[in-house]
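Heads up: the structure comes next, in structure tokens.
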Amino acid sequence: MERLTIPGVAKPITRIVIGTLVFSPHKEVTGEELLDDFFAAGGNAIDTAHAYGGGDSERVIGAWLKTRDNREEVFLIDKGAHHTPKVPRPRLNPQEIKCDLDESLDRLHTDYIDLYLLHRDDPQIPVATIVDYLNQEIESGRILAFGASNWTHQRIQEANEYAAQNGLIGFAVSSSNLSLAVPMEAMWPGVLSASEEAQRWHRDNDFPLLSWSSQARGFFSGQFTPENRDDENMVRVYYNSDNFERLRRAHELGSSIGYSAIQISLAYVIHQPYPTLPIVGPCTRVELDSSLEALEIELSDDQIRWLNLED
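The structure is reproduced here in structure tokens:
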């Protein structure tokens, strides 16, 4: 599997990242099984967060890391600073970030995170405060690199300019939504999708994008049609004529080369003109295999533009 390098982390990261939002010890197909299958297929990157499942996701991964004794083989991505029921705002002061990081390391049975992301932004907190603190965590060895999830590219740019001016390490990655289906509004409060302006910034700066919901929550799976309006959130976010035309084109192109529409949609994210790392969240081995097969697809620039209704 093709790999990229993230500044600050010597270990390369595979082009597809397995997401663990739904990992729980109570699932019929366990997270440990999916992780075993993903790593057997050549993957090495796991995405989790302090907030996922009240900590269940991290606990499942931590148990797997401990029993497999493979921590050095894993590119571990974790996130903190999300709001909580008791604190309904992004928790971005250094004390709150440290509290999340302490607990995540304990749940994961590890003493370091390869790439640590701030799950939300709070523009009231100066970037200097955040960058200074995260550099302390790099110096301590508890994180190797850091990035931003659901931050605007302007705030990341501001943070990285501050870091450069002060001889510090800046953000290495941005994580926002990017998919062939373009959302009309946010799926959840406080999350961001990569706008055209943000995508130009990524291209101009060759800045990596770690894309969550890279398959638009299954919009291209065949489950969703204009007539099926059972899922209110999918209707609210994705149901418009342009996205259904993107779906039709993905199905047409996929049929012509032997792939499904959802595999074409994943290949679309992979074949952007800047580094992309799509997160996929399989619940079954079949879904995992489908995502991995998408790595075999080659899309031309003309096909990318056509899929996105630019031609």
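Positions in the sequence shown are counted from 1; adding 992 to them yields our numbering.
Backbone N, C-alpha and C fix where the C-beta goes; we use that ideal spot for every residue, glycine too.
Here the structure is a predicted model, which means the values were calculated and not measured.
task: Answer yes or no: do Leu1239 and Gln1295 have a C-beta to C-beta separation smaller than 8 Å?
output: no
- prompt: Fully enclosed by the region 1098-1131, which alpha helix (DSSP H) runs are 4 residues long or longer?
  reply: none
query: Can you give, in chain order, each stretch of the alpha helix (DSSP H) that sits fully within the region 1033-1078 and has at least 4 residues?
result: 1048-1060
Distance between Gly1035 and Glu994 (C-alpha atoms, nearest Å): 9 Å
query: Going along the chain, which residues of its own chain have a beta-carbon closer than 6 Å to the beta-carbon of Gly1054, five neighbours each way excluded?
result: Arg1099, Leu1100 and His1101
task: May I have a chain-ordered list of the beta strand (DSSP E) segments no shorter than 3 residues that lie completely inside the region 1178-1251?
output: 1201-1203
message: Short of 8 Å in beta carbon distance, which residues of its chain neighbour Asp1234, apart from the five on each side in sequence? Order them along the chain.
response: Val1174 and Leu1301
message: I need the straight-line Cα distance from Tyr1260 to Asp1061, nearest angstrom please.
response: 35 Å
field: Local Cβ density within 10 Å of Glu1129, reported as buried at 16 or more and exposed below that
entry: buried
query: For Leu1284, which beta-bridge partners are listed by DSSP?
result: BP columns for Leu1284 are empty, so no partner.
message: Considering Cα atoms alone, identify which of Asp1094, Ile1069, Asp1029 and Pro1115 is closest to Gly1182.
response: Pro1115
message: How far does the beta strand (DSSP E) with Val1261 in it extend, from its first residue to its last?
response: Not the beta strand (DSSP E): Val1261 falls in the alpha helix (DSSP H), residues Ala1253 to Ile1262.
- request: May I ask you to report which of helix, strand or coil DSSP gives Arg995?
  value: strand
- prompt: In chain order, what residues of the same chain have a beta carbon less than 8 Å from the beta carbon of Ala1151, not counting five sequence neighbours either side?
  reply: Val1119, Ile1122, Val1123, Ala1140, Gly1162 and Phe1163
- prompt: Using the C-alpha atoms, what's the distance from Ser1187 back to Tyr1104?
  reply: 32 Å
query: Under a Cβ-count criterion, where at least 16 other Cβ atoms within 10 Å of its own Cβ denotes burial, should Ser1247 be classed as buried or exposed?
result: exposed
- request: Identify whether Ala1151 lies in helix, strand or coil by the three-state DSSP scheme.
  value: helix
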